[in-house]
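To start, the structure under review is shown below, and the notes come after it.
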Amino acid sequence: MSLTPPKLRSTLRPLHPETRGGAVTWLTVAALIWAGLYWLNENLWNWIFAGLGLDTSEHIPGAVHFFFYDSAKVLLLLVGMIFVIGLFRTALNAERVRDYLLGKPLALALVLAAALGAVTPFCSCSSIPLFIGFVAAGVPLGVTLTFLLASPLVNEVAVVMLAQSFGWQVTLAYVASGLLMAILLGALFTRLQLENQVKDFVRNTPVAKLQAEGGTITLARRIDAAQGETREIVGRVWKWVLVGVGIGALIHGWVPADWLAAHAGRDNPLAVVLVTALGVPLYSNAAGVIPIAEALWAKGMATGTVLAFMMGTVALSFPEFILLKQVLKPKLLAIFFGSAAVSIMLLGFLFNLIFP
């Protein structure tokens, strides 16, 4: 017989989300915990490294700081985005959504995806959790890939920094061409009908099975399905997040600026190809690469070559490839990276003609 008073026993009883009130409470507590962890990650590593007297501007401390911070950030985003999108999906009628999208012009969906990417300040790896959620939700693949390209390329911080370093003409050209590239490539991917190049587990999730059942679905069952989807997807990719971010930490911010200035100058007709090929494997966000781009520009590198280097570095990266490889099949990976790299090169040549 329990010695705990009945009133206290009812207070201590674990949350049972079978009731709507319990489910809402569970969601509120989970959201607060997630927000607290995200805030802690934004500050914890700075406190620790400052307390240890380590200078994160140096390569080794900076790489270690980057690994811990970015690993936690990407995993938190992965858990949060997959769960939230999964929960919303359980409330949607898949057939109605599909019919609605079929009735809208593709161009509108692509423009909206590019606009969403422009206002989400993610790097090439941090945008992947939202991309996976969109794919799992059945959003057309071309639309999701437009978001994946636009998100790291364009954001408010990058626009302000670019304008300060290069002026508004170059900034507007960069923003317009980056968004246009993402939209046109999204249209190309849609036309190529590459939906079968997404790995099956992304779409065969607990939320998809729950939607297939039809009928009335309680909030508790929706939460359970979203939890199951989060566990399944995160369970498959978490170790590759660590691998990808680990590689990114080793090469983050490493740019051979002097070598580039010497070998990719105005006298080299293939300078755009060279800087794009070098920029694609590197890993940095726009705010991190703009000061380097400004230094290269000051050393005499052509404007289009500098912008191609920036685009290649922020839009694509080897860590991003590692993560996407867990979700996309090799054919789509090759088409995505190849077409984006070629487009960046073409834009670089075009900018060199416009801004001699």
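To convert, note that position 278 of the sequence shown is 278 in the UniProt record's numbering; the numbers rise steadily by one, no gaps. All C-beta atoms, glycine included, are put in the ideal place defined by N, C-alpha and C. All values derive from a computational prediction rather than experimental measurement.
Mapping the DSSP letters down to three states, classify Leu32 as helix, strand or coil.
Within the sequence shown, the letter at position 32 stands for residue 32. Helix.
Per DSSP, what kind of secondary structure is Val139 in: helix, strand or coil?
Counting from 1 along the sequence shown, the entry for residue 139 is found at position 139. DSSP places Val139 in coil when its eight states are reduced to three.
Determine the extent of the alpha helix (DSSP H) in which Tyr283 is found, giving its start and end residues.
Locating residue 283 in the sequence shown gives position 283, counting from the first residue. Note, Tyr283: premise wrong, no alpha helix (DSSP H); not H, not E.
Cutting at 6 Å between CB atoms, please list the residues of its own chain near His16, excluding the five before and the five after it.
Within the sequence shown, numbered from 1, the residue matching residue 16 stands at position 16. The pLDDT assigned to His16 is 46, lower than 50, so where the model puts this residue is not dependable; a value taken from the coordinates is nonetheless given after this. Result list for His16: Gly22, in chain order.
Three or more C-beta pairs under 8 Å: does that hold for the stretch 194 to 201 against the stretch 159 to 174?
Contact between the stretch 194 to 201 and the stretch 159 to 174 is absent, because fewer than three Cβ pairs lie under 8 Å.
For a test of the three-state rule: what should DSSP assign to Leu52, helix, strand or coil?
For the purposes of this step, residue 52 is taken as the residue at position 52 of the sequence shown. Residue state, collapsed to three classes: coil.
In the structure shown, what three-state DSSP assignment does Val154 receive?
For the purposes of this step, residue 154 is taken as the residue at position 154 of the sequence shown. DSSP places Val154 in coil when its eight states are reduced to three.
When you compare each of Gly36, Val111, Phe134, Asn352 to Phe88 by their alpha carbons, which one comes out closest?
What you label residue 88 is simply residue 88 of the sequence shown in a count that begins at 1. The residue with the shortest Cα to Cα distance from Phe88 is Phe134.
Is it true that the CB of Leu194 sits closer than 9 Å to the CB of Leu332?
As a working mapping, residue 332 is identified with position 332 in the sequence shown. As a working mapping, residue 194 is identified with position 194 in the sequence shown. In contact: Leu332 and Leu194 (Cβ atoms closer than 9 Å).
Just verifying my parser: in three-state terms, what is the DSSP assignment at Val175?
Stepping through the sequence shown from its first residue, residue 175 is reached at position 175. Three-state DSSP puts Val175 in a helix.
Under a three-way DSSP split, which group does Leu250 fall into?
Here residue 250 is taken as the residue at index 250 of the sequence shown, counted from 1. Leu250: helix per DSSP, three-state reduction.
Throw me the rounded Cβ distance for the Gly246 and Phe67 pair, which I believe falls under 8 Å.
By 1-based counting over the sequence shown, the position of residue 246 is 246. By 1-based counting over the sequence shown, the position of residue 67 is 67. So it is a contact: roughly 6 Å between Cβ atoms.
Would you call the stretch 169 to 178 and the stretch 302 to 314 touching, i.e. three or more CB-CB distances under 8 Å?
A contact exists between the stretch 169 to 178 and the stretch 302 to 314.
Check whether the stretch 61 to 77 touches the stretch 142 to 150, taking contact to mean three or more Cβ pairs, one atom from each stretch, closer than 8 Å.
In short, these stretches do not touch, since the Cβ pair count stays below three.
Looking at the structure shown, is Leu316 part of a helix, part of a strand, or coil, going by DSSP?
Locating residue 316 in the sequence shown gives position 316, where the first residue counts as 1. DSSP places Leu316 in coil when its eight states are reduced to three.
Would you kindly work out how many angstroms separate the C-alpha atoms of Val237 and Val175, rounded to a whole number?
The sequence position of residue 237 within the sequence shown is 237, counting from 1. The sequence position of residue 175 within the sequence shown is 175, counting from 1. Those two C-alpha atoms are separated by around 32 Å.
Using the DSSP secondary-structure output, state which residues sit across from Leu328 in a beta bridge.
Here the question's residue 328 lines up with position 328 in the sequence shown. Paired residues: Val198.
Comparing C-alpha positions only, which one of Thr90, Pro319, Ser343 sits nearest to Ala249?
For the purposes of this step, residue 249 is taken as residue 249 along the sequence shown, with counting starting at 1. Ranking the options by Cα distance to Ala249, first place goes to Pro319.
Can you give me the C-alpha to C-alpha distance between Trp297 and Arg221, rounded to a whole angstrom?
Working through the sequence shown from its first residue, we reach residue 297 at position 297. Working through the sequence shown from its first residue, we reach residue 221 at position 221. Distance between the alpha carbons of Trp297 and Arg221 is about 56 Å.
Under 7 Å Cβ to Cβ from Gly80, same chain only, skipping five residues before and after it: list those, please.
The residue you call residue 80 lines up with position 80 of the sequence shown. So the list reads Trp34, once near-sequence residues are dropped.
Which residue's Cα is closest to the Cα of Ala302: Phe351, Thr190, Gly142?
As a working mapping, residue 302 is identified with position 302 in the sequence shown. Comparing Cα positions, the closest option is Phe351.
Specify the secondary structure class of Gly300 as computed by DSSP and reduced to three states.
Translated into positions along the sequence shown, residue 300 becomes position 300. Looking at Gly300 - three-state DSSP - the assignment turns out to be coil, as it is neither helix nor strand.
Taking 9 Å as the cut-off, decide whether the C-beta atoms of Leu106 and Pro140 are in contact.
Within the sequence shown, numbered from 1, the residue matching residue 106 stands at position 106. Within the sequence shown, numbered from 1, the residue matching residue 140 stands at position 140. Yes, they are a contact pair.
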